[in-house]
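Engineer:
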Amino acid sequence: MDIGKKTNLTIAGAADGKSVLKLDPNPPRRSDGHHRYCGDTHVLSIRKSSHITLRDFTIDGSDGELPEDTNQCPPSNGLGGRIDEHMHGVQVENSTDVSIDRMKIIKAHGDGLNLIADRTPANTNILFTERVSVTNTHFLANDRSGIAFQRNVGHVQIRGNYFRNSGSDQDLDMEPTGGTENRGPYEIDIDNNLFERVRPGLTVTLGASKTQPSEGLRFTYNTIRSASPAIAEGGCILVYKANNIVIANNTVIGGGRCATLAAQRVTGLQVINNRLEGYANVADEDTGEFRPKPVIDVSEDIANRKAPDQDCGRPPKDPCPYIIHYPEQITIAGNRITQRVQNSPGINLSNVDELTLANNIILHTHGIAPAGPFNPDNAAARQPTSINLSFGVFLGDYGYFENERTRVKGWLITGNALSQFADGIRIRQLKESVNVNSAVVHSNKFNTATRTSRRQA
0 MDIGKKTNLT
10 IAGAADGKSV
20 LKLDPNPPRR
30 SDGHHRYCGD
40 THVLSIRKSS
50 HITLRDFTID
60 GSDGELPEDT
70 NQCPPSNGLG
80 GRIDEHMHGV
90 QVENSTDVSI
100 DRMKIIKAHG
110 DGLNLIADRT
120 PANTNILFTE
130 RVSVTNTHFL
140 ANDRSGIAFQ
150 RNVGHVQIRG
160 NYFRNSGSDQ
170 DLDMEPTGGT
180 ENRGPYEIDI
190 DNNLFERVRP
200 GLTVTLGASK
210 TQPSEGLRFT
220 YNTIRSASPA
230 IAEGGCILVY
240 KANNIVIANN
250 TVIGGGRCAT
260 LAAQRVTGLQ
270 VINNRLEGYA
280 NVADEDTGEF
290 RPKPVIDVSE
300 DIANRKAPDQ
310 DCGRPPKDPC
320 PYIIHYPEQI
330 TIAGNRITQR
340 VQNSPGINLS
350 NVDELTLANN
360 IILHTHGIAP
370 AGPFNPDNAA
380 ARQPTSINLS
390 FGVFLGDYGY
400 FENERTRVKG
410 WLITGNALSQ
420 FADGIRIRQL
430 KESVNVNSAV
440 VHSNKFNTAT
450 RTSRRQA
């Protein structure tokens with residue numbers, strides 16, 4: 000179904016709740032013998048439209064009934080002959096004032112709901128997809144993600160929904176592409192949703208990738224957990240390339256291979272009053288050695304700035320230019336943070352400017368054995384720390400930093416209760432030329448039954 004250039008339209012299901020719009024899993028073949036779905040084929044498209052409402056019916060993308068072999072389409076389709084992965088349950092493109100309420104969006108071969116806008120579309124003055132409301136809707140068994148945010152999407156509310164059994168991507172995925180002339184997701188409220196993970200792993204990504212940074216993301220009162228009582232691990236959150244982010248009042252039971260909350264390229268991140276549990280338990284694929292991961296991990300990100308035609312690198316070549324994206328204005332306050340994997344830290348913070356770390360409860364249960372043996376040179380693994388703070392970035396002789404800071408500043412670490420770690424607060428200077436300016440550490444409480452307890456600075 001294609002809703003193009005329409006306004007003030009409502010599509011509502013029958014009162015008995017049995018209305019279904021389903022993709023034909025066996026359409027007639029094209030004239031060249033290939034499958035009909037070698038290009039984008041969405042169950043329902045909303046394009047260049049405004050004031051559209053979907054309510055009270057099921058959209059079924061027939062995933063699981065569609066062929067998965069590699070001889071369905073010409074090899075030139077970029078997917079090795081498979082049918083197109085851009086087959087979404089609902090795509091909203093260059094449209095405004097869209098409401099999706101009390102729906103079931105299931106078994107999409109791509110995303111359950113895909114939100115996107117192109118800045119130069121033909122025959123429309125709607126340049127952004129805005130004012131979209133998604134409420135009380137179930138996203139079930141979609142093959143790529145439940146909801147995907149692409150470029151130029153803003154003022155969206157995702158509230159009171161249920162996500163389960165998303166496929167290769169996250170339940171809620173922000174990975175906008177299209178170049179820096181496009182905006183990343185902006186002014187997004189994700190509130191009071193339940194994410195149940197059938198396969199533990201990355202569940203929510205917030206931010207941008209190959210567009211302008213995201214702005215004004217709020218993730219509040221959500222729950223991420225396992226879909227099975229027999230499996231403890233749930234899922235994780237990644238924040239990348241975003242400004243002014245609030246993550247508050249959530250319950251997040253972490254996954255087995257990722258830090259429960261990780262962030263890079265962030266400014267103005269507030270992590271407040273959450274319950275966060277760490278289950279990351281990873282061994283190096285080559286050596287088999289245990290790789291400890293924290294519950295919260297906020298760090299710098301390094302990017303190569305060489306020109307496309309520049310041949311630089313290790314001597315005797317000229318060194319390459321790099322830039323450091325520092326995390327700034329980070330607040331982590333009032334959280335209950337539980338690490339469950341032995342020899343793993345609570346919080347890692349690297350090269351953070353303007354940090355407030357206050358009134359958190361950070362505890363270790365030591366309940367899960369590490370996935371592999373320790374590297375004997377890894378002191379951090381032998382002696383897990385509740386709070387790791389480090390500053391200074393090494394690069395080597397193959398490059399140089401264009402924007403390296405010699406001081407990190409504005410640390411306030413106060414009122415935290417640290418329990419059952421080997422170390423309380425560890426502050427590490429990794430590079431002699433980089434120092435801390437203006438750090439206040441007071442009124443933190445540390446208790447442990449381990450014999451190696453100490454504070455380090």
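When you line the sequence shown up against numbering that gives the first Met the number 0, it's residues 0 to 456, in that order.
Cβ atoms here follow ideal geometry from the backbone N, Cα and C, with glycine treated the same way.
1) Where does PRO74 fall in DSSP's three states?
2) Using DSSP with H/G/I as helix, E/B as strand and the rest coil, what is MET86?
3) If I measure Cβ to Cβ from ARG290 and keep anything under 7 Å in the same chain, skipping five residues before and after, which residues do I get?
4) Helix, strand or coil for GLU129? Go by DSSP, reduced to three states.
5) Determine the direct distance from the alpha carbon of GLY395 to that of VAL407, and round the result to whole angstroms.
6) Compute the Euclidean distance between the alpha carbons of GLY60 and ALA229, then round it to the nearest angstrom.
7) Could you tell me the boundaries of the beta strand (DSSP E) in which PHE218 lies?
8) On a CA-only basis, which of GLY409, TYR161, ARG256 is nearest PRO199? Give me that one, please.
9) Ignore the nearest five residues each way along the sequence and tell me which others in THR330's own chain have a CB closer than 6 Å to its CB.
10) Quick one: what does DSSP say MET173 is sitting in, helix, strand or coil?
11) What does the Cβ neighbour count give for GLU431, buried or exposed, with the cut at 16 atoms within 10 Å?
12) Helix, strand or coil: which one does DSSP assign to LEU20?
13) Quick one: what's got a C-beta closer than 6 Å to GLU353's C-beta in the same chain, skipping five residues either side?
14) For the beta strand (DSSP E) that contains LYS103, what are its first and last residues?
15) Assess, as a yes-or-no matter, whether the stretch 306–314 is touched by the stretch 330–348 under the definition of 3 or more beta carbon pairs within less than 8 Å.
16) Excluding five sequence neighbours on each side, which residues of the same chain lie with their C-beta closer than 6 Å to the C-beta of ILE236?
17) In terms of residue numbering, what span does the beta strand (DSSP E) encompassing ASN347 cover?
18) Pick out the complete beta strand (DSSP E) segments inside the stretch 363–443, 3 residues or longer, and give them in chain order.
19) Are ASN243 and GLU299 touching if we call contact CB-CB under 8 Å?
20) For PRO320, list the residues DSSP reports as bridge partners.
21) Excluding five sequence neighbours on each side, which residues of the same chain lie with their C-beta closer than 6 Å to the C-beta of ASN347?
22) Indicate whether SER132 and MET173 have their beta-carbon atoms separated by less than 8 Å.
23) Quick check on the burial criterion: 16 or more other C-beta atoms within 10 angstroms. Buried or exposed for LYS103?
24) Using a threshold of 8 Å, state whether the C-beta atoms of GLN90 and ILE125 are closer than that.
25) Please state the DSSP three-state secondary structure of GLN341.
26) Evaluate SER49 with the Cβ neighbour count: other Cβ atoms within 10 Å of its Cβ, from every protein chain shown; 16 or more gives buried, anything less gives exposed.
27) Less than 8 Å between the C-beta atoms of THR337 and LEU362, yes or no?
28) In the DSSP assignment, the beta strand (DSSP E) including ALA247 goes from what residue to what residue?
29) May I ask you to report which of helix, strand or coil DSSP gives GLU276?
30) For the stretch 175–187 and the stretch 130–146, state whether three or more C-beta atom pairs, one from each stretch, are separated by less than 8 Å.
31) Quick check: ILE2 and ILE58, are their CB atoms within less than 8 Å of each other?
Structural biologist: Short version:
1) Here PRO74 sits in helix by DSSP.
2) For MET86, the secondary structure class from DSSP, reduced to helix, strand or coil, is coil.
3) The residues are VAL281, ALA282, ASP283.
4) Strand at GLU129.
5) The straight-line gap from Cα to Cα measures roughly 21 Å.
6) Whole-angstrom Cα-Cα distance: 30 Å.
7) Per DSSP, the unbroken beta strand (DSSP E) holding PHE218 starts and ends at 213–219.
8) If we check each option's Cα against that of PRO199, ARG256 comes out closest.
9) Cβ neighbours of THR330 beyond the five flanking positions: GLN269, THR355.
10) Three-state DSSP puts MET173 in a strand.
11) Around the Cβ of GLU431, a 10 Å sphere holds fewer than 16 other Cβ atoms; the residue is exposed.
12) Strand at LEU20.
13) Closer than 6 Å at Cβ, skipping near neighbours: GLU327, GLN328, GLY409.
14) LYS103 -> beta strand (DSSP E) spans 103–105.
15) With the cut-off at 8 Å, the stretch 330–348 and the stretch 306–314 do not touch.
16) Excluding residues within five positions, the ones whose Cβ falls inside 6 Å are VAL203, LEU260.
17) Per DSSP, ASN347 is one residue of the beta strand (DSSP E) stretching across 346–349.
18) As far as the stretch 363–443 is concerned, its whole beta strand (DSSP E) runs of at least 3 residues are 384–390, 398–400, 406–413, 416–418, 422–428, 434–441.
19) Contact flag unset, no.
20) Paired residues: TYR399.
21) Excluding residues within five positions, the ones whose Cβ falls inside 6 Å are PRO293, ASP296, ASN387.
22) Taking 8 Å as the cut-off, the Cβ atoms of SER132 and MET173 do not count as close.
23) Counting the other Cβ atoms within 10 Å of the Cβ of LYS103 gives 16 or more, which makes it buried.
24) No. Outside cutoff.
25) Residue state, collapsed to three classes: coil.
26) By the neighbour-count rule (16 or more Cβ atoms within 10 Å), SER49 is buried.
27) Taking 8 Å as the Cβ cut-off, THR337 and LEU362 qualify as a contacting pair.
28) Per DSSP, ALA247 belongs to the beta strand (DSSP E) from 234–247.
29) In the structure shown, GLU276 adopts extended strand secondary structure according to DSSP, grouped into three states.
30) Counting Cβ pairs under 8 Å, fewer than three are found: no touch.
31) Not a contact, by the Cβ cut-off of 8 Å.
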